[in-house]
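Add 19 to the 1-based position in the sequence shown for the working numbering, that's all there is to it.
For reference, the structure is listed below as structure tokens.
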Amino acid sequence: MKNEQMKAVLDKIKQYNKIVIFRHTRPDGDATGSTMGLRDILRATYPEKDVRIINCDYGDYVAFLGKEDEAQPDEFFSDALGIVIDTATLERVSNPQHALCRELIKIDHHIPIQPYGDVMWVEEHRSSACEMIAAFYEAFSDELVLTPKAATEIYTGMVTDSGRFRFRSVSGDTMRLAGMLLDTGIDTDTLYANLYMKDFNEFKFQSYVYKKMKITENGVAYIFVDRAMQRKFNLTKEQASAAVSHLDSIKGSLIWIAFIENDKEIRVRLRSRFVTVNKIAEKYSGGGHDCACGATVYSKKEMQRLISDADAHLAQYKASNEGWL
Ligand code: AMP
């Protein structure tokens, strides 16, 4: 189904010969899949246009999808249309050169903390930005070209951002669009192998997380992955950050948090079921979705404050709601 914003996005794309696609820093499967998927749809549809993805950082997690494009000098961007996908605020865009583009489009599914761009297409209810790119293709399938490679990229982000089609944000539409992508011939065996296989040291780290995790009085599970732990298991930042997913299935622990120690700050990854946590993240320079957020704290004291806030929030939720697990 088309909507006005989708039409505005396609109209802008048609007006430009050069298009640069951006995403947020520390890219996850959705940020990578949605940008690569859109790039490859546009390249297949408009071979005469110069369509690139140019960012300043890199993510290992879905590196199997292939490479982004090379850095370019500032002049390159002045006649380009910029498209930022999966990024709620301009501050989180990986490449500051997005500001040099002639016009900017925002395509996102996060809670909209900051409006930006000349055209905005934001649908918070979507399970992923990739789902939006799939919907975009479907809306204009009579004129856009979807290659199996683009379908795989988009499907990968849909799978990862929806917790393997598990979260509440997954709708009938999500599954219909996923079905449309699968019909192009995605190799799901290879895809899931790429997503699930871990190095030996990552499994050792996982068992260490279970040994070291803590839980508050009202059920907030958390782990502090300090630098010593990261060294002990020879972890990349991405591998260390994966600790949050190891805490996701503890009965009665509706909020779980991983704190990843960096040189100057502590990265916070907040997750929940039933109860929302975005307000807690926003209090600590973060944001995201109702039940999956990121934030930053600058000391262990501040980390303890965040844990106490989460504990009080969960206590209140449990006291006034039933049916949670
Ligand atoms: P993460 O734990 O970093 O995977 O983040 C979970 C979700 O929150 C992702 O969709 C991120 O894009 C989003 N997010 C993370 N950090 C921030 C932030 N500082 N501000 C706004 N959204 C964020």
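Even for Gly, the Cβ is constructed at its ideal location relative to N, Cα and C.
In this structure, what does DSSP give as the bridge partners for residue i?
i, result
"Ala311", "Arg290"
"Tyr241", "Lys233 and Ile276"
"Val112", "His43"
"Leu210", "None, per the DSSP bridge assignment."
"Glu122", "Leu100"
"Ile141", "According to the sequence as given, residue 141 is Val; it is not Ile. According to DSSP, Val141 bridges with Asp127."
"Ile285", "Glu280 and Val316"
"Gly306", "Gly313"
Nearest to residue i by CA position, among the options, is which residue?
i, options, result
"Arg45", "Gly342, Met322, Val287 and Leu201", "Val287"
"Tyr303", "Glu284, Arg292 and Val294", "Glu284"
"Ile73", "Pro131, Val28, Met199 and Arg58", "Arg58"
"Val81", "Phe159, Ala334, Ala153 and Thr179", "Thr179"
"Met368", "Gln91, Lys37, Ala169 and Gly48", "The structure shown does not extend to residue 368, since the chain is modelled only from 20 to 344, so the question has no answer here."
"Ser53", "Thr64, Ala63, Tyr65 and Ile40", "Ile40"
"Val138", "Glu87, Gln24, Gly271 and Ile274", "Gln24"
"Thr51", "Gly191, His265, Ser327 and Val112", "Val112"
"Ile102", "Val141, Val294 and Thr175", "Val141"
"Ile60", "Leu163, Trp275 and Asp30", "Leu163"
"Lys68", "Met322, Arg42, Ala148 and Lys31", "Lys31"
"Gly182", "Thr166, Ser146 and Arg195", "Ser146"
"Leu333", "Ser318, His308 and Lys298", "Lys298"
"Ala240", "Asn213, Glu221, Ala197 and Arg292", "Arg292"
"Asp244", "Asn237, Lys86 and Lys233", "Note on identity: in this sequence residue 244 is Val, with Asp being the wrong assignment. Ranking Asn237, Lys86 and Lys233 by Cα distance to Val244 puts Lys233 first."
"Ala107", "Ala90, Glu122, Asp93 and Ala148", "Ala148"
"Gly271", "Glu172, Ala90, Ile38 and Asn340", "Asn340"
"Ala170", "Leu200, Gly191 and Ala158", "Leu200"
"Phe159", "Leu29, Leu325 and Asp208", "Leu29"
May I ask you to report which of helix, strand or coil DSSP gives residue i?
i, result
"Leu256", "For the sequence presented, residue 256 should be read as Lys rather than Leu. Three-state result, Lys256: helix."
"Val39", "strand"
"Gly204", "coil"
"Leu344", "coil"
"Gly101", "strand"
"Val28", "helix"
"Ile299", "helix"
"Val228", "helix"
"Met20", "coil"
"Arg185", "coil"
"Asp13", "Residue 13 is absent from the structure shown; the chain starts at 20 and stops at 344."
"Cys75", "coil"
"Tyr174", "helix"
"Gln91", "coil"
"Ile60", "helix"
"Phe219", "helix"
"Ile132", "coil"
Is the closest heavy atom of the ligand AMP to the C-beta of residue i under 6 Å?
i, result
"Gly307", "yes"
"Gly313", "yes"
"Arg288", "yes"
"Ala118", "no"
"Ala259", "no"
"Ala107", "yes"
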